[in-house]
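All remarks here apply to the structure that follows.
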Amino acid sequence: MGLPALEFSDCYLDSPQFRERLKSHEAELDKTNKFIKELIKDGKALVQALKSKFPADGRERVAVAARVNTEMCRLRVRELHCRVSVSREAKKKYDKETEKYCGVLEKHLSLSAKKKEAHLHEADNQVDNVRQHFYEVSLEYVFKVQEVQERKMFDFVEPLLAFLQGLFTYYHHGYELAKDFNHFKTDLTISIQNTRNRFESTRSEVESLMRKMKENPHEHKSISQHLMEGYLFVLEKRSFVSTWVKYYCTYHREPKRVTMVLFDPKSGGKMGEEESFILKSCTRRKTDSIEKRFCFDVEAMDRPGVITMQALSEEDRRLWMEAMDGREPVVAQLDVIGFNVIKKFIYAVETRGIDEQGLYRIAGVNSKVQKLLSLTMDPKTCADVELDSPEWEIKTITSAIKHYLRFVCLSCNPSPFCFNKRTSFIMDNPETRVTEIHTLVHRLPEKNRQMLELLVNHLANVASHHHQNLMTIANLGVVFGPTLLRPQEETVAAIMDIKFQNIVVEILIEHHERIFQHVPNSADGPNNMLSNQSRRRSTESKAPSCSERPLTLFHTPTHSQKGMNTAVSVNVSTSATSPSPASPRSPSWPMFSAPSSPHPVSSASSDSSPVSVSGRKAIALYACKAEHESELSFIAGTVFMNVHASREPGWLEGTLDGRKGLIPENYVEFL
C-alpha cells in the first residue's frame, strides 16, 4: 500500500491530517536510511565471504569483481543516503519554522485591540512575513520529501540490479541463474525507465505549481469537500479564568455541522477528541465588545450558550463569516436613519411590487437580507443603495422590513405596549376592542407611534391591492402579528395567544385612520392626566419595596378573568429621544416594562378609589421583599388571608402567618 500524496495546498491549511501524512513520509525515509546502512554492511560481508568461499585461483578474480561492483553500488547508495540526510536537515528547518510561526501567531493574537493602529498594522505585517516564510519553508520541505521518495525507487534499486548483473558475469554456474532471472531483470529495467521518465516529466510541472502557489496561494488552493477549514481559537470559560484554546475547525455547509479537533501543530502535538455541533447562527463581534481581534460568535442548535471564536486574521474571519452565512452586528434604532430606511423600503415595495402575489409571505435569502440591512443602516453606504436595481428583489426588501422590526430593534430598550388582550377580545362589543387599542397606541412614545403609523398605513395600502397580491388584512395579521406583538417568553400561553396577536394587527390596519389620526377622548383627558401625575408624584416619594413589581395598567382581573392576562410588547423601540429616568416601580419581570413616556399609564377606572374587595383569600403571583415595616415579604405561591382594600391606592391589606401588612395589588390574584 503506497504512501498518501502530499499536496502543496495542504501546506497552507497545515491540518492535523496533513501532519500525519507528512509523518508517514518521514517514517518511510527513516526506514530507507536504516536499510541503506544495513545494505552497505551486507555488501562488505559478501566480499569477505567470496574470499573465503572460492578456491585460491578464482578467489582473487571474484573478489576483485565483487569489490568493484560493491564500491559502485556503495557510491550510488551513499548518494541516496546523502539525499535522505538533506531531507532530514530540511525537516529540522521546517520544525524550527513551525515553532517560530506558532509562537509569533499566539503572541500576535494576544495583542489588545486598544493598541495604536500603527502598532497593530506593524504587528500584522510582521506576522504576514513570518507566515509567508513558514509557507515557503513548508512547500520546499514537501517538495524535497517527494523528490527523495521518488528518486529512491530507481537510485536505490538500480545499483542493486547493476551489482547482480556484474556478479553473474563472473559466475560460470550463474549463467542459468541469470537466464532465469532475465525476465525479472527486463521487467525491472522497463519499470525503472518508466519511473525515471515520469519523474523527469512531472518534476518540472511540480516545480511550476510550487512557484505559482508561492506567488498566489489563494487562487491555487485545492477544492475540498469541506466548505471551510482551518485553525480557530475558542474562548473556554473555566472556574475562575477564561482561556483561548486552539482548535482545528471544519465546517460542512450542507448539514451546517461544525467539527472541532483540539490540536497544536508544534512538535509533539497530539490530536484531541473530535467535537461537533449543528450551527444555528454566526455573528461578528464588535471591536469594542471584546479585547481580542478577529472574533465572532456562533450559536449551536444542540448546545446552549454562545461560543466565541477568534480567527487568525481579518481576512480569515471574513472567510469564516461568509462560509457560515454570518451576519454583521447591525445596531439600528428609531433615529433619522431608521425612519429613512423604512420609508425607502416601503416606497420601493409600493412602486415596484405592491401587486406581487404573496407579498411579505415569501421570505428572501438571509444573506441578501443581511447585506441590504448592513448597507442601508451604514451612513457611509446608505445613499449608494439603489432599490430599483434588479439585485434587490421585492422579497428581499420585505424580509428586510420584517427583520428590522423583529430583530434590529431588540438592541434598543423596548417601550411597552402591554394590554389585557384576552379580556378585550372576549367582549361581545367590537367597538370596545377598537377603543382600547386606540387608547394604547396613543400611550406609546412619539417615535414608536410614528413608526407604527408608518408601517400600518403601508399595510393598509398593501391590503387594498389584495385582489392582485392575495394579501388580505387577515393574511397580513398572520404575518405581522408575531413581529409586532412579540411575546417576551416562549410559553404555551404565548403560542395559544397567537390568534389574539393577529386580531390586533387586523384592527390596526382596518381602523388605521381612526386610530392614528384622532386622539382618544377617555384615556388621556386633562383630568385623568392630572390625576395620574399627582399619583406618580406621591408614589415616587415612597417607592414600593419590591424589586420585581409589574405596573398595573388596567383593572385588576376579577374572579371570572383570573389566569387570562398576558402581556406582549410591540417590537418598536425608540432611541432618538433620551430615555426617561427609571420609574421606582419599574419591574425586572420580563413580561412587563415601565413606561418611558412622560405620562404614566393609568387604569381605566379612577385611581383614587381602591378596588372594592373584602375579606377574601389571595395567592401571590410574584415574589416581593419588604423594605418597610408596614409591608409583607413573600414568595410566589404564598396564600394570604382576610385580604381587603387599603387606604393607599394600588395596595391591599392582608394577613400572613398572623401578621397584617400591605400587599401590592397587582402582585396577587384572588381565589
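Numbering of the sequence shown is given in full-length UniProt numbering, commencing with residue 1 and proceeding in unit increments.
Quick reminder that beta carbons are idealized off the backbone N, C-alpha and C, glycines included.
- Under the three-state reduction of DSSP, D264 is assigned to coil, being neither helix nor strand.
- For C102, DSSP records no beta bridge to any residue.
- It is roughly 53 Å from the alpha-carbon of K152 to the alpha-carbon of K115.
- Distance check between S630 and each of T435, L375, E648, G661 places G661 closest, using alpha-carbon atoms only.
- Within a 10 Å sphere around the beta-carbon of I515 sit 16 or more other beta-carbons, which makes this residue buried.
- DSSP places C11 inside the alpha helix (DSSP H), whose first and last residues are 9-13.
- The beta carbons of L227 and R253 sit about 4 Å from each other, so the pair counts as a contact at 8 Å.
- In the DSSP annotation of this structure, G661 is not part of any alpha helix (DSSP H); the continuous beta strand (DSSP E) holding it starts and ends at 659-664.
- Taking one beta carbon from each stretch, the stretch 335-353 and the stretch 285-304 have fewer than 3 pairs nearer than 8 Å; the two do not touch.
- Approximately 4 Å separates the beta-carbon atoms of Y141 and Y94; this is inside 8 Å, confirming the contact.
- Two segments are said to touch when three or more pairs of C-beta atoms, one from each, lie closer than 8 Å; by this definition the stretch 95-114 does not touch the stretch 272-279.
- Around the beta carbon of Y347, a 10 Å sphere encloses fewer than 16 other beta carbons of the protein chains shown; the residue is thus reported as exposed.
- Boundaries of the beta strand (DSSP E) harbouring E653: 651-656, taken from the DSSP string.
- A direct Cα-to-Cα measurement between E315 and R19 gives close to 24 Å.
- In the structure shown, the three-state DSSP call for D297 is strand.
- Distance from the CA atom of Q501 to the CA atom of W320, rounded to whole angstroms, is 38 Å.
- Between L671 and K617, the beta carbon gap of about 4 Å places them in contact (Cβ cut-off 8 Å).
- Going by DSSP, H133 is part of no beta strand (DSSP E) but of the alpha helix (DSSP H) stretching over 117-155.
- In this structure, the alpha-carbon of S85 lies about 43 Å from that of A323.
- Non-local C-beta neighbours of L6 in its own chain, meaning closer than 7 Å and more than five positions away in sequence, comprise R21, L22, H25, V142, V145, Q146, ordered along the chain.
- The beta-bridge partner set that DSSP reports for K237 consists of S242.
- A463 is not a Cβ neighbour of M451, given a cutoff of 9 Å.
- In the DSSP assignment, N340 falls within the alpha helix (DSSP H) that extends over 336-352.
- For A49, the enclosing alpha helix (DSSP H) begins and ends at 16-53.
- R88 sits away from L161, with the two beta carbons spaced by 9 Å or more.
- For D264, the CB contacts under 7 Å within the same chain, skipping 5 residues up- and downstream, are K246 in chain order.
- Within its own chain, the residues whose Cβ lies closer than 7 Å to the Cβ of Q468, once the five positions on either side in sequence are excluded, are D355, listed in chain order.
- Here the alpha carbon of E669 sits roughly 35 Å from the alpha carbon of A474.
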